[in-house]
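Okay, structure first, notes after.
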C-alpha cells in the first residue's frame with residue numbers, strides 16, 4: 100500500500116554502511132515525527148540510502164540526529180533536505196523505492 104507523502108519534506112542521507120543506516124534511521128525516527136519512506140542498498144558498496152518524510156522542522160531535526168549518530172560509525176557519503184519536492188522529484192523518488 101502506497102503512502103501519501105504529498106506536502107511533506109524529504110530528507111535523504113547516504114552512508115557507506117547499511118548497518119549504520121539502520122542505527123541512524125532508528126535514532127531519527129525516535130527524535131521527530133518522521134516516516135521512513137525507504138532504504139535502498141547501494142549495489143556497488145556496503146552502503147545504503149535512507150529517505151524520510153515529515154514536516155520541514157521534523158525532517159531537519161531527524162537528519163541532524165541521524166548524522167550525529169552515524170558519524171562515529173560510518174562515512175557520511177551525502178545528505179540533503181528538500182523542503183517542498185516538485186511533482187517530478189516525487190516521481191523520481193517513488194521510482195527508487197523497492198526497485
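In our numbering, the protein residues as written are 100 to 198. We put the CB at the ideal spot given by N, CA and C, even for glycine.
Local Cβ density within 10 Å of residue i, reported as buried at 16 or more and exposed below that
{"i": "residue 100", "result": "With a pLDDT of only 36 at residue 100, under the threshold of 50, the placement of this residue in the model should not be trusted; the figure read from the coordinates follows. With fewer than 16 other Cβ atoms within 10 Å, it is exposed."}
{"i": "residue 173", "result": "buried"}
{"i": "residue 194", "result": "exposed"}
{"i": "residue 105", "result": "exposed"}
Alpha-carbon spacing of residue i relative to residue j, whole angstroms
{"i": "residue 138", "j": "residue 121", "result": "9 Å"}
{"i": "residue 119", "j": "residue 171", "result": "10 Å"}
{"i": "residue 140", "j": "residue 187", "result": "23 Å"}
{"i": "residue 110", "j": "residue 143", "result": "22 Å"}
{"i": "residue 148", "j": "residue 177", "result": "9 Å"}
{"i": "residue 157", "j": "residue 181", "result": "12 Å"}
Assumed close pair residue i, residue j - CB separation to whole angstroms, cut-off 8 Å
{"i": "residue 123", "j": "residue 160", "result": "Wrong, their Cβ atoms sit about 13 Å apart, outside the cutoff."}
Limits of the alpha helix (DSSP H) - the one that residue i falls within
{"i": "residue 151", "result": "Note, residue 151: premise wrong, no alpha helix (DSSP H); beta strand (DSSP E) at 147-153."}
{"i": "residue 186", "result": "186-195"}
{"i": "residue 117", "result": "117-130"}
Where the beta strand (DSSP E) containing residue i begins and where it ends
{"i": "residue 113", "result": "108-114"}
{"i": "residue 172", "result": "Looking at the DSSP string, residue 172 is not in any beta strand (DSSP E), and its letter there is neither H nor E."}
{"i": "residue 139", "result": "134-140"}
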